[in-house]
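Contents: one structure, followed by commentary.
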Amino acid sequence: MRTFYFVIAILLNNIFISQESKIIDPPVLLNEMGLRLEIKNFFIDGHRFKIQEIKPFYKLNEKFKIGFGYCSLRDKNFYFQDSTLLRINSSNFFGSYNWIISEIISAEATLDFGIGRIKSVNIDDSIDKGAYSFFEPAIIINHNGFNFFNLGFGSGIRFTRNDKSIFYQNLTLPTLILRFSLKFTEIYNHFHHRANTSLYLSYD
0 MRTFYFVIAI LLNNIFISQE SKIIDPPVLL NEMGLRLEIK NFFIDGHRFK
50 IQEIKPFYKL NEKFKIGFGY CSLRDKNFYF QDSTLLRINS SNFFGSYNWI
100 ISEIISAEAT LDFGIGRIKS VNIDDSIDKG AYSFFEPAII INHNGFNFFN
150 LGFGSGIRFT RNDKSIFYQN LTLPTLILRF SLKFTEIYNH FHHRANTSLY
200 LSYD
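Residue numbers (numbering that gives the first Met the number 0): 0 to 203.
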């Protein structure tokens with residue numbers, strides 16, 4: 000009788016293991032995809048301006064990433080000598096090359112290209128618009144010690160062309176860059192895998 004129960008237990012165990020292997024999906028083996036949120040700071044006449052950028056990216060391999068995004072500057076606090084406010088909106092494309100410094104630290108060389116509109120908001124709330132484009136090489140140091148996101152800090156030079164009749168000052172300036180980067184593929188694999196295995200862990 001004990002032998003019978005032992006055989007039944009082995010069979011049931013094999014059945015549960017087989018069913019579990021069918022239910023649990025393996026992690027997605029896609030290259031990393033994510034989202035970069037960056038603030039690029041620069042100074043004009045002693046005032047700090049910040050361009051906010053949101054940029055989805057795709058990791059081609061261990062060295063290269065590409066992506067596109069949207070840039071926006073909306074400063075409501077600093078009026079220039081001609082009593083105007085500065086606004087910028089543009090779309091951009093970027094590529095980057097990454098190399099490892101240590102287990103959790105990496106460096107990244109990036110090239111951003113963008114085209115959009117520059118706006119001058121007058122004191123009577125009328126808006127003048129003109130063309131704007133930029134090219135920005137930069138170096139970023141990333142901290143990779145977190146599961147679902149990275150933090151970065153770096154510097155670049157934003158070479159710009161803009162309609163001088165809209166904004167008269169030179170906007171080719173150095174930038175200080177703060178970055179928060181979400182790793183969508185890592186997040187998906189973590190929670191998707193956990194959702195499947197929770198069927199067997201609900202009473203643990």
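Note that CB positions come from ideal geometry on N, CA and C, so glycine has one too. These figures come from a predicted structure and were not determined experimentally.
- The Cβ atoms of Leu84 and Val120 sit closer than 8 angstroms to each other.
- By the neighbour-count criterion, in which 16 or more other beta carbons inside 10 Å mark a residue as buried, Phe190 falls on the exposed side.
- Listed in chain order, the non-local C-beta contacts of Gly68 below 6 angstroms within the same chain comprise Glu52, Ile53, Lys54, Asn91, local neighbours out to five positions each way being set aside.
- Put simply, the segment 175-188 touches the segment 37-44. At least three CB pairs are less than 8 angstroms apart.
- The shortest CA-to-CA distance from Glu61 to any of Ser105, His46, Phe42, Ile43 is the one to Ser105.
- Going by DSSP, Phe147 is part of no beta strand (DSSP E) at all; its letter is neither H nor E.
- By alpha-carbon distance to Ile65, the top candidate from Thr109, Asp74, Glu135, Glu102 is Thr109.
- In the DSSP secondary-structure assignment, Ile104 is bridged to His142.
- Distance from Ala130 to Asp162 at the Cβ level is roughly 5 angstroms; contact confirmed, criterion being Cβ atoms closer than 8 angstroms.
- Residue pairing for Glu61: DSSP places it in no beta bridge.
- Sorting Thr159, Asn97, Leu170, Phe112 by C-alpha distance to the C-alpha of Asp44 places Leu170 at the top.
- Per DSSP, Asn91 is one residue of the beta strand (DSSP E) stretching across 84-99.
- Counting along the chain, Asn169 sits inside no beta strand (DSSP E), nor does DSSP assign it H or E at all.
- CA-CA distance, Phe93 to Phe134, rounds to 10 angstroms.
- Asp74 has its alpha-carbon roughly 9 angstroms from the corresponding atom of Ile50.
- At least 8 angstroms separates the beta-carbon of Arg116 from that of Phe41.
- When only Cα atoms are considered, Phe145 and Asp111 end up about 26 angstroms apart.
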